[in-house]
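Below is one structure, written out as structure tokens; comments come after it.
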Amino acid sequence: MKQSIGRLVIWLAAMQVWVAGQPVTSLKAVRAMAPVEARQGRAVELKATVLYADTAKGEMVVNDGSASSYVKIKGASIHGGTTGLRSGSRVEIVGRTVHIGLFPHVAADAITVTGNVPLPEPYRPAADELFQPRLDSAWVEVPAVVTGVETGGLGYTMVVEVFGLEFKADVPPTPDADRRAAELMQRPVLMKAIVGTIFNQQLQMTGRHFFVPSFDDLVPTGPMGRDDDAPLRQALELLAGSSGPSDLVRVRGVVTQDDSKGFYLRDQSGSTFVQTALSGRFPPGTRVEATGFGGMAPYRPILRATGVRELGRAEPPTARSFVFDTYGLSKLQDELVALEAEFLGYRQAPTEILLQCQTGGRFFEATIPLTYSTAVGGLQTGDRLRLTGICKLFTTRPMPRPEWADGFRLHLATDRGLTIKERAPWWTTRRLLTALGITGAASCIGLAGIFLLRRQVARQMKVISLQLQADALHTERDRMARELHDTIEQQLTGVSLQVEGIARAAATNPEALQPRLEVVRRMIGHTRAEARRSVWDLRSRILEVDGLPAALRAMVAASASSEGPVIELELDETLPRMPADSEFQLLRIAQEALTNAMKHSGASTVRIELAAAESTLTLAIRDNGRGFDPASPHLGDPTHFGTLGMQERAEKIGAALRIDSSPEAGCAVIVSLPRDLSSLSS
196 MKQSIGRLVI
206 WLAAMQVWVA
216 GQPVTSLKAV
226 RAMAPVEARQ
236 GRAVELKATV
246 LYADTAKGEM
256 VVNDGSASSY
266 VKIKGASIHG
276 GTTGLRSGSR
286 VEIVGRTVHI
296 GLFPHVAADA
306 ITVTGNVPLP
316 EPYRPAADEL
326 FQPRLDSAWV
336 EVPAVVTGVE
346 TGGLGYTMVV
356 EVFGLEFKAD
366 VPPTPDADRR
376 AAELMQRPVL
386 MKAIVGTIFN
396 QQLQMTGRHF
406 FVPSFDDLVP
416 TGPMGRDDDA
426 PLRQALELLA
436 GSSGPSDLVR
446 VRGVVTQDDS
456 KGFYLRDQSG
466 STFVQTALSG
476 RFPPGTRVEA
486 TGFGGMAPYR
496 PILRATGVRE
506 LGRAEPPTAR
516 SFVFDTYGLS
526 KLQDELVALE
536 AEFLGYRQAP
546 TEILLQCQTG
556 GRFFEATIPL
566 TYSTAVGGLQ
576 TGDRLRLTGI
586 CKLFTTRPMP
596 RPEWADGFRL
606 HLATDRGLTI
616 KERAPWWTTR
626 RLLTALGITG
636 AASCIGLAGI
646 FLLRRQVARQ
656 MKVISLQLQA
666 DALHTERDRM
676 ARELHDTIEQ
686 QLTGVSLQVE
696 GIARAAATNP
706 EALQPRLEVV
716 RRMIGHTRAE
726 ARRSVWDLRS
736 RILEVDGLPA
746 ALRAMVAASA
756 SSEGPVIELE
766 LDETLPRMPA
776 DSEFQLLRIA
786 QEALTNAMKH
796 SGASTVRIEL
806 AAAESTLTLA
816 IRDNGRGFDP
826 ASPHLGDPTH
836 FGTLGMQERA
846 EKIGAALRID
856 SSPEAGCAVI
866 VSLPRDLSSL
876 SS
């Protein structure tokens, strides 16, 4: 049993090798192959009839009775002459399988032409079969209507309608192709052709087209009506109710601009586009009569011409002024118009140049054939242009309704439609931005230098300020030393002389002692006050070494007296050191406020507070004395000049001084200094 199975496996493998080594002899078998097998290059030997051949491109389509297939002939040896390889040639093909489309095909290595035979009967598909994959490369016959001619295809490309759908059909070019196409325009025909497939890189079908072997394979199915019998219509009467797409009509007018697919015609009613197979024969100004059928197109019907007759020549028509009006814009469709616009730039397409322009705040494009690129190359951004061309409307809405026309494009036929009215100023936006950029960069560099210089100057000024403050303190101490010598010493000398006089009077005139003792008492009181002031001034040394809190404590200790008020002191010991001038002025303000409270307030308690908040340092001297009205000071009040002095000292260091007082309610002198002015690091 096992031996039988082994023999069967060996026999099947041998058959597979034998089959793989045998050439494929039918196109039906080629098309039935799996893609992987076709890519292995299976040998092909077959006999077939050529349906279509293009030796210049190295390709043809053949039919062997079982199926049709594309055959690559580039590089193949052809026996019998290349002139004999045409539609109807009977050939023998030796080659291999390839997979380059929807189905496997054949790459020929050798082709032998053995004769000529009639083409096989074509397949007549129904409308719902046109896009079936199996029709790829099929030889078919379908009813069609020739509606136009285009350039740039694989041959002489005609536009045809098949079952109401538009396709492209390529016909081998011949010297009389323009005439043959014009005779077929808008005529129903039976078209024999090969079905071609358009596919993407993933081998997915994206469209269909046709290869027609010759113009003889486009056979009209009925006679055309006589042109003279067609009713004469105006351009804006096309498809207006009196005639439909199947009614032959005539239109007379003047050609305004030529086009690769026909020309634009204007009559008394307006303008329309005439589609014809013969382009370039009617320059602007030509009077013509065009016969054909009305065709539907966005915003305005066109005329699909079956014939055009020249009636004479005249001057080219004048372009109409362009005015953008949303509701009236559709009247300018296919019309020759002129407008002035600002040139913004351009971009190049395969066959034309698109100029980006602006007029009246609206952006639009104007096209000009690529052959006139030299005229565009001299334009500069900002140039003022006059453009003359055919207006074509478009919309971003779902349907091209007249009120939905929200854009337009001008089609210029030649460089005569482009005129420079005014050159752009030298100061273009680009140059201005460049200059501003350079100026801005220089300004930034300058500002950075100024910033660094200001920081350096600020540091130097702070050092100088601190030095000046220190010098001022030394000067102040020297001044106070001179005052001690000039005032207290002299006053003590006066007291000494008075005491000596009293001693002499005690022996000779006892009655004079009392007045002299009163004078001595006053002199001693005055000297004591001067001594106290001088002692306070001398505390500046403590201020310089130990700071403001230590100086305030020394001031309170020197002022304490059993006969005077009780002096309370509350200090924030964590306060940082301040600039010397700030500490000096705050100490002076405290001295003046304390002196006023002790001499004039009659207070029993004086409270001195020094504290710091988040952004402010505060010095406050409060008493519970008789108070006064700070808004109405009397010139004779001894506190008046002291208040002015305290105000001046506060202003010197950028502080704010406030005096809160009212009769019989005590007095509070409050100094507020911003922290950024009270710190040595500021």
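Take 196 as the starting number for the sequence shown in our numbering and just add one per residue.
The C-beta atom is built at its ideal place from N, Cα and C for all residues, glycine as well.
On a predicted model such as this, the values are computed, not experimentally measured, just so you know.
Is it buried or exposed for Arg654, if we count other Cβ within 10 angstroms and need 16 for buried? exposed
Among the candidates Leu297, Pro315, Leu413, whose CA atom is the shortest distance from the CA of Val354? Leu413
Does the region 360-377 come close enough to the region 303-311 to have 3 or more Cβ pairs within less than 8 Å? no
Whole-number beta carbon distance between Leu498 and Gln543, since they are thought to touch under 8 Å: In fact, because the Cβ distance is near 32 Å, the residues do not count as touching under 8 Å.
Endpoints, alpha helix (DSSP H) assigned at Ala600: Careful: Ala600 lies outside any alpha helix (DSSP H) and carries neither H nor E.
Measure the alpha-carbon distance for Ala755 versus Ala815 and round it to whole angstroms. 18 Å
DSSP three-state assignment for Tyr494, whether helix, strand or coil: coil
Separation of His404 from Ser441, as counted between CA atoms: 25 Å
Assess contact between the region 589-603 and the region 546-555, defined as three or more Cβ pairs (one per stretch) separated by less than 8 Å. Is contact present? no
For the putative contact between Thr609 and Tyr567, defined by C-beta atoms under 8 Å, what is the C-beta separation to the nearest angstrom? 6 Å
C-alpha distance - Leu297 paired with Ala321, whole-angstrom precision: 21 Å
So, is Lys794 buried or exposed, given that buried needs 16 or more other C-beta atoms within 10 angstroms? exposed
As a quick exercise: from Gly359, Arg428, His300, Glu432, pick the residue whose alpha carbon is nearest that of Val231. His300
Taking only three categories from DSSP, how would you classify Val751? helix
Please list, in chain order, all residues of the same chain as Thr546 whose beta carbon is under 6 Å from its beta carbon, the five residues on each side excluded. Leu565
Same chain only: Cβ atoms within 8 Å of Pro858, ignoring 5 sequence neighbours per side: Arg821, Gly822, Phe823, Asp824
Enumerate in chain order the residues of its own chain whose CB-to-CB distance from Gly439 is below 8 Å, with the five nearest sequence positions on each side excluded. Gly489
With DSSP collapsed to three states, give me the class of Asp855. strand
I need the straight-line Cα distance from Pro368 to Gln397, nearest angstrom please. 32 Å
Boundaries (first-last residue) of the beta strand (DSSP E) holding Arg445: 443-454
Mapping the DSSP letters down to three states, classify Asn311 as helix, strand or coil. strand
So which of Ala251, Lys252, Asp259 has the shortest CA-CA distance to Val239? Asp259
Tell me whether Met491 is buried or exposed, calling it buried when 16 or more other Cβ atoms sit within 10 Å of its Cβ. exposed
Where DSSP assigns a beta bridge to Lys526, which residues make up the other side? According to DSSP, Lys526 bridges with nothing at all.
Neighbourhood of Phe362 by C-beta, 7 Å cutoff - its chain only, sequence neighbours within 5 removed: Val355, Arg403, His404, Phe405
Can you tell me the Cβ-Cβ gap for Gly448 and Val483, rounded? I've got them flagged as a contact below 8 Å. 7 Å
Could you give the residue range of the beta strand (DSSP E) that holds Gly290? 284-294
Note the first and the last residue of the continuous beta strand (DSSP E) segment covering Ile585. 579-589
Just how far apart, CA to CA, sit Val446 and Asp529? 15 Å
For Lys616, I'd like the list of residues in its chain whose CB is within less than 7 Å of its CB, leaving aside the five on either flank, ordered along the chain. Glu535, Arg579, Leu580, Arg581
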